[in-house]
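Protein sequence lines correspond, in order, to chains A and B.
Positions 104 to 216 (our numbering) are the ones given, in order, by the first sequence.
Positions 221 to 329 (our numbering) are the ones given, in order, by the second sequence.
From the three backbone atoms N, C-alpha and C, an ideal C-beta is built for every residue, glycine too.
In what follows, a structure is listed as structure tokens, so that the remarks can point back to it.
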Amino acid sequence: DSGVTQTPKHLITATGQRVTLRCSPRSGDLSVYWYQQSLDQGLQFLIQYYNGEERAKGNILERFSAQQFPDLHSELNLSSLELGDSALYFCASSIGTAGNTIYFGEGSWLTVV
Amino acid sequence: KNEVEQSPQNLTAQEGEFITINCSYSVGISALHWLQQHPGGGIVSLFMLSSGKKKHGRLIATINIQEKHSSLHITASHPRDSAVYICAVRNNAGNMLTFGGGTRLMVKP
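Below, the structure written as structure tokens:
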């Protein structure tokens, strides 16, 4: 158990809909990262937050947004969903912003139908 | 060309064999991670390296910064080692990971 909790574990939704994925980092970790793993593109970095502030942005679509709350949990919002958004979405956390081991959650499986 | 290349993509071994998975990268990095992903999907961080060599149990990871190359070795492989092994490099700012395509390992009893 990495200590990173993600909900929901599985989600099926229709095209055009909006979903929210939730992540609770390990106790004491200030950084939260979101990654997308799809069959055709592998693992990709989406976005990082550190202590409530956005720190780095990767291949995140404009239809997607994220935030980190004062209690350090994070949410990834996916809107106007398309079939191609079906993927495994991972949250990970670390103590700092760099040079630390990253701990991954179990992932949220999103299927868009 | 991808920034992080792994080889082989697929590997089948017999139990007890010594296994090597390679990772080459083309960008400047602050660290390199080896990750393990089991069929259920969860990812476990095995090693984080910025130089030299690390060992944990039957797993050994090495990195050569000058050659931009890392290897993950598994000694005395076991069927429970069957998983996808992913190399990921952390950028110089330390805040982004770029992933290799993964090596799917199957160890047969």
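According to DSSP, A:Arg121 sits in a beta bridge with which residue or residues?
Answer is none; A:Arg121 lacks a bridge partner.
Am I right that A:Pro111 and A:Ser211 are in contact with their C-beta atoms under 8 Å? What's the rounded C-beta distance?
Correct: roughly 6 Å between the Cβ atoms.
What does a CB cutoff of less than 6 Å around A:Gln139 pick up in its chain, not counting 5 residues either side in sequence?
Contacts found: Gln147, Leu149, Ala190 and Tyr192.
Give the range of the beta strand (DSSP E) segment to which B:Lys273 is assigned.
Unbroken beta strand (DSSP E) run through B:Lys273: Gly272 to His276.
Of all Cβ atoms in chain A, is any one closer than 9 Å to the Cβ of B:Gly248?
By this cut-off, B:Gly248 is not an interface position.
Could you work out which residues of chain A lie near B:Leu317, taking near to mean beta carbons separated by less than 7 Å?
Here the neighbours are Phe148.
Can you tell me which residues form a DSSP beta bridge with B:Val309?
DSSP output for B:Val309 lists B:Leu252 and B:Thr318 as bridge partner(s).
Tell me which same chain residues have a C-beta within less than 6 Å of the C-beta of A:Tyr136, skipping the five on either side of it?
Here the set comprises Gln151 and Ala195.
Restricting to Cα atoms, I'd like to know which of B:Ile306, B:His276 and B:Ile263 is closest to B:Trp254.
Ranking the options by Cα distance to B:Trp254, first place goes to B:Ile306.
Report the residue from A:Ala159, A:Val216, A:Lys160 and A:Asn154 whose alpha carbon sits nearest the alpha carbon of A:Gly131.
That would be A:Asn154, whose Cα lies nearest to the Cα of A:Gly131.
I want to know whether the stretch 299-313 of chain B touches the stretch 234-245 of chain B - three or more CB-CB distances under 8 Å.
Segments in contact, yes.
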